[in-house]
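A.B. asks:
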Amino acid sequence: MAHSNCNACAFYEDHAANSDSKLQNAGLCRANPPISQPAAETRGFWPVVSANDWCGKFSGAVAAE
Ligand code: SF4
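Residue numbers (our numbering): 13 to 77.
See below:
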């Protein structure tokens, strides 16, 4: 079974919004809301995925800006 990778998915964001440092060959998955929030006064973290990872929610549609 062939899979399309995260880096070709409409939900993949190719930069780090969770921290100031950019992760090598990784990005954020925006298919779902942030998964954790360290403290009540901080924001949640978006899931970080590898560029060549994949999942069953892959979408080739262009994401709305
Ligand atoms: S984890 Fe799934 S939905 Fe998220 S970017 Fe990768 S393929 Fe897309």
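Note that the Cβ used here is the ideal one computed from N, Cα and C, for glycine as well.
Using beta-carbon positions only, say whether Pro46 and Arg55 come within less than 9 Å of one another.
C.D. replies: Numbered from its first residue, the sequence shown carries residue 46 at position 34. Numbered from its first residue, the sequence shown carries residue 55 at position 43. Yes. Within cutoff.
A.B. asks: Use the C-beta contact count for Gly39: other C-beta atoms within 10 angstroms, 16 or more gives buried, fewer gives exposed.
C.D. replies: In the sequence shown, the residue the question calls residue 39 occupies position 27. Buried, by the Cβ-count rule.
A.B. asks: Which value, in whole angstroms, describes the spacing of the CA atoms of Phe23 and Val60?
C.D. replies: In the sequence shown, the residue the question calls residue 23 occupies position 11. In the sequence shown, the residue the question calls residue 60 occupies position 48. Spanning the two alpha carbons is a distance of roughly 12 Å.
A.B. asks: Taking DSSP as the reference, what is the three-state secondary structure of Cys41?
C.D. replies: The residue given as residue 41 occupies position 29 in the sequence shown. In the structure shown, Cys41 sits in a strand (DSSP, three-state: E or B).
A.B. asks: Can you give me the C-alpha to C-alpha distance between Pro50 and Asn17, rounded to a whole angstrom?
C.D. replies: Counted from its first residue, the sequence shown places residue 50 at position 38. Counted from its first residue, the sequence shown places residue 17 at position 5. Roughly 29 Å between the two C-alpha positions.
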